[in-house]
Amino acid sequence: EPEVTQTPSHQVTQMGQEVILRCVPISNHLYFYWYRQILGQKVEFLVSFYNNEISEKSEIFDDQFSVERPDGSNFTLKIRSTKLEDSAMYFCASSGAGRGEQYFGPGTRLTVT
Amino acid sequence: DAKTTQPTSMDCAEGRAANLPCNHSTISGNEYVYWYRQIHSQGPQYIIHGLKNNETNEMASLIITEDRKSSTLILPHATLRDTAVYYCIVRVADAGGTSYGKLTFGQGTILTVHP
Chain A
1 EPEVTQTPSH QVTQMGQEVI LRCVPISNHL YFYWYRQILG QKVEFLVSFY NNEISEKSEI
61 FDDQFSVERP DGSNFTLKIR STKLEDSAMY FCASSGAGRG EQYFGPGTRL TVT
Chain B
1001 DAKTTQPTSM DCAEGRAANL PCNHSTISGN EYVYWYRQIH SQGPQYIIHG LKNNETNEMA
1061 SLIITEDRKS STLILPHATL RDTAVYYCIV RVADAGGTSY GKLTFGQGTI LTVHP
């Protein structure tokens, strides 16, 4: 069964460093999302992406964040200058045309020290 | 999207049916009810969704009241692997149930299935 994959599973970085989180959505899906979950808190929406542009973004998704689909398979989230409060689990999701459900990846645990 | 209310936690014996309630009294006519679950910090997993008719798939059944103000997710024969946080999400969709908008997660219901 097709699934969303994410790399790395765990990323440790120092405050102020740039990180790129990678996702490979399900192959025929056209809609892509990033969510995050700070330890012990709710899953929060960050951004949605369709047709090579951002469809919607939350207040969390400020100028430090960017997304890109550099090729036909990868979908990336970049954080330009990480802060301690960016430490969280980051989930990528994708959705197919004509469907309502989103399929989530296993997540990348980002730890900022 | 309409607000949902779920119990904080529930218990269920293995092999028995787990019935998870959700209130969504302000739901609008074009909003569907979606259920997801999250097993121990894994990515959320889609379970089922519906508008007003009862729905069933290989994972669960969804019963939506006639006034659509509440719903119940039923796991017919709960196993230990069903222990998870279950989220009820109300979301605008088109007539076919298609939606590409964000999912807004609440705190959900922690379901514990015990032997």
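Just so you know, the protein sequences line up as chains A and B, in that order. Each step along the first sequence adds one to the number in the working numbering, with nothing skipped, and position 112 is 112. Each step along the second sequence adds one to the number in the working numbering, with nothing skipped, and position 39 is 1039. Where is the CB? At the ideal position from N, CA and C, for every residue including glycine.
Handout entry: Residue of B:V1033, B:Y1086, B:T1056 and B:T1026 minimising C-alpha distance to V1113 (chain B)
Key = On the second sequence, residue 1113 (chain B) is found 113 positions in, with the first residue counted as 1. The candidate whose alpha carbon is nearest that of V1113 (chain B) is B:Y1086.
Problem - Buried/exposed call for P2 (chain A), threshold 16 Cβ in 10 Å - result: Taking the first residue of the first sequence as position 1, residue 2 (chain A) is located at position 2. Its Cβ having fewer than 16 others within 10 Å, P2 (chain A) is exposed.
Problem - H1049 (chain B): contacting residues in chain A (beta-carbon distance under 9 Å) - result: Numbered from 1 along the second sequence, position 49 holds the residue referred to as residue 1049 (chain B). Simply G100 and E101.
Handout entry: Local conformation of E1126 (chain B) per DSSP, three classes
Key = Not covered by the structure: residue 1126 (chain B). The range shown for chain B is 1001 to 1115.
Exercise for the section: Report the rounded CA-to-CA distance for S1061 (chain B) versus S1009 (chain B), giving the unit in angstroms. Expected result: Position 61 of the second sequence, counting from 1, holds the residue named residue 1061 (chain B). Position 9 of the second sequence, counting from 1, holds the residue named residue 1009 (chain B). Computed Cα separation, rounded: 19 Å.
Practice task
Inspect the beta-carbon positions of I38 (chain A) and S87 (chain A) and report whether they are closer than 9 Å.
Solution key: The count along the first sequence starts at 1 and reaches residue 38 (chain A) at position 38. The count along the first sequence starts at 1 and reaches residue 87 (chain A) at position 87. Result yes, Cβ atoms of I38 (chain A) and S87 (chain A) sit closer than 9 Å.
Exercise for the section: Check whether the Cβ atoms of E101 (chain A) and Y1046 (chain B) lie closer than 9 Å to each other. Expected result: By one-based count along the first sequence, residue 101 (chain A) stands at place 101. By one-based count along the second sequence, residue 1046 (chain B) stands at place 46. Yes. Within cutoff.
Practice task
Pull up the DSSP beta-bridge partners for S66 (chain A), would you.
Solution key: As a first step, residue 66 (chain A) must be located in the first sequence, where it is residue number 66. Partner(s): A:K78.
Exercise for the section: Return the residue from the list A:K83, A:I79, A:E85 and A:N51 that minimises the CA-CA distance to R69 (chain A). Expected result: Taking the first sequence and counting its residues from 1, one reaches residue 69 (chain A) at position 69. It is A:N51.
Exercise for the section: Using a Cβ-Cβ cut-off of less than 8 Å, list which residues of the stretch 32-51 of chain A approach chain B; keep chain order. Expected result: Y33, Y35, Q37, K42, V43, E44, F45, S48 and Y50
Handout entry: the stretch 97-113 of chain A in contact with the stretch 8-23 of chain A per 3-pair CB rule at 8 Å
Key = yes
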